[in-house]
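For what it's worth, my numbering labels the leading residue of the sequence shown as 153, then goes sequentially.
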Amino acid sequence: MIVLTSEQLEQVLTPDIAINAVRQAFSLYSSGKITQPQRQVLTIKGNWWGIMPSFWERSVVIKIVNVIPDNKRRGIAAVQGSVLLFSPETGEPLALLDGTTLTAIRTSAASVLSAELAFDSRNIGNLGVIGAGTEARYHIKLATSYLKYSKVMVTARSSHTQLAKEFGAEAVDLETLLKSSDVIFATTSSSSPVVLGKFLKDDFHVSSIGAHTPESREIDDETIKKTKTFFVDSLEAVGKEAGDYIQPTKAGILKQALEIGEIINKGVKVQRPSVFKTVGIAAQDNITALVAYEEAVKKGIGVKIT
């Protein structure tokens with residue numbers, strides 16, 4: 153078995169490799185070729201923990217992940233976790249991977265993929281990122297390496313000036329970002345909407361990765377009303393966990409949603425304005441972990457343990 157650290161995962165999971173991995177994961181999931189039992193959600197010391205298993209013919213993966221908001225004041229990432237990859241043939245553990253970085257990479261890769269599908273191109277115009285944490289950083293990193301863009305804007309309650317400077321982006325207020333962006337990545341821990349439809353352009357694409365409880369929202373109803381294509385990672389998952397899907401559906405505002413895997417498998421054209429809502433699924437972790445392991449073995453990267 154090998155251990156892959158955060159730095160090593162960044163070495164092997166280049167933007168193209170990571171985005172192709174999540175593309176394959178969504179395709180396998182929507183075609184029923186990968187099995188992911190419902191994740192078990194625990195509340196430990198008031199914080200969210202998830203246990204996420206999945207398997208298919210080539211790999212078995214279990215991820216334990218948590219969201220600890222107080223970690224921000226401790227100077228460490230709010231999302232922590234580990235991923236264990238097994239061989240389905242022998243049952244041997246093949247790799248232990250840093251779950252925080254794997255989650256950040258596969259989540260940002262999904263957002264970037266959604267933008268590429270929405271524009272049917274890597275040319276996306278202006279990119280706006282809401283948030284300044286680990287996910288925001290990885291979203292900017294992958295997007296600016298993979299997509300073609302005009303400029304990047306960042307906003308958050310705090311720390312976005314520093315993040316913007318790191319990537320040569322513009323630190324702006326929320327209203328300016330919403331009015332100026334063609335693509336918006338919402339990566340917040342907010343429980344109330346930060347994507348406000350009254351400020352958006354007539355043509356836009358939003359990827360929302362936060363607000364992963366039925367009570368919380370990142371996207372307001374006005375945005376949903378303007379949207380022509382609403383697509384998700386898993387209809388089953390968002391139907392249980394995402395207020396951005398559950399609430400407008402119950403209110404009759406959102407009448408139809410597609411899985412991103414269906415869009416990929418059937419070649420469905422995304423009509424903009426569009427929204428992609430993702431709560432993260434185990435299939436993403438499975439395929440991304442497998443690809444990272446295979447790349448690491450190929451390149452001789454990782455610490456071998458027995």
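We treat Cβ as the ideally placed atom computed from N, Cα and C, and that holds for glycine.
Within the same chain, Ile257 and Ala261 come within 6 Å of alanine 170 by CB-CB distance, once the 5 residues on both sides are set aside.
Distance between valine 219 and glutamate 287, taken at the CA atoms: about 12 Å.
Nearest Cα to glycine 432 within the set Glu162, Val217 and Leu294: Val217. Between lysine 380 and serine 426 the beta-carbon gap is near 6 Å, inside 8 Å, which marks them as a contact. For aspartate 373, there is no enclosing beta strand (DSSP E); the residue is found in the alpha helix (DSSP H) stretching over 373–378. Boundaries for glutamine 176: no beta strand (DSSP E) harbours it, while the alpha helix (DSSP H) harbouring it runs 167–182, taken from the DSSP string. Across the set Lys421, Phe271, Phe351 and Gly391, the C-alpha of Gly391 shows the shortest separation from the C-alpha of threonine 430. Your pair valine 164 and glutamate 447 checks out as a contact, with CB atoms roughly 4 Å apart and the cut at 8 Å. Isoleucine 453 carries a coil assignment under DSSP once its states are collapsed to helix, strand and coil.
In summary, alanine 363 is buried, with 16 or more beta-carbon neighbours lying within 10 Å of its beta-carbon over all protein chains present. Measuring C-alpha to C-alpha distances from threonine 242 to each of Val212, Leu248, Ala230 and Pro205 identifies Val212 as the nearest.
Segment contact: the stretch 277–284 against the stretch 190–197, fewer than three CB-CB distances shorter than 8 Å; contact not assigned. Taking arginine 191 as the centre and dropping the five residues before and after it, the same chain places the C-beta of Gly202, Ile203, Met204 and Ala434 closer than 7 Å to its C-beta, in chain order.
Inter-residue distance for aspartate 355 and alanine 403 is about 24 Å (C-alpha atoms, whole angstroms).
The criterion of a C-beta distance shorter than 8 Å is satisfied by phenylalanine 428 and serine 359. Annotation for lysine 392: the continuous alpha helix (DSSP H) segment containing it runs 387–393.
Within the same chain, Val304 come within 8 Å of glycine 320 by CB-CB distance, once the 5 residues on both sides are set aside.
About 12 Å separates the beta carbon of lysine 331 from that of glycine 349, a gap too long to meet the 8 Å contact definition.
Here the alpha carbons of aspartate 385 and histidine 357 stand approximately 15 Å from one another. Spanning the alpha carbons of glutamine 408 and alanine 295 requires a straight line of approximately 28 Å.
With a 10 Å radius around the Cβ and a threshold of 16 neighbouring Cβ atoms, glutamate 370 comes out buried. Threonine 381 has Ser426 as its beta-bridge partners, per DSSP.
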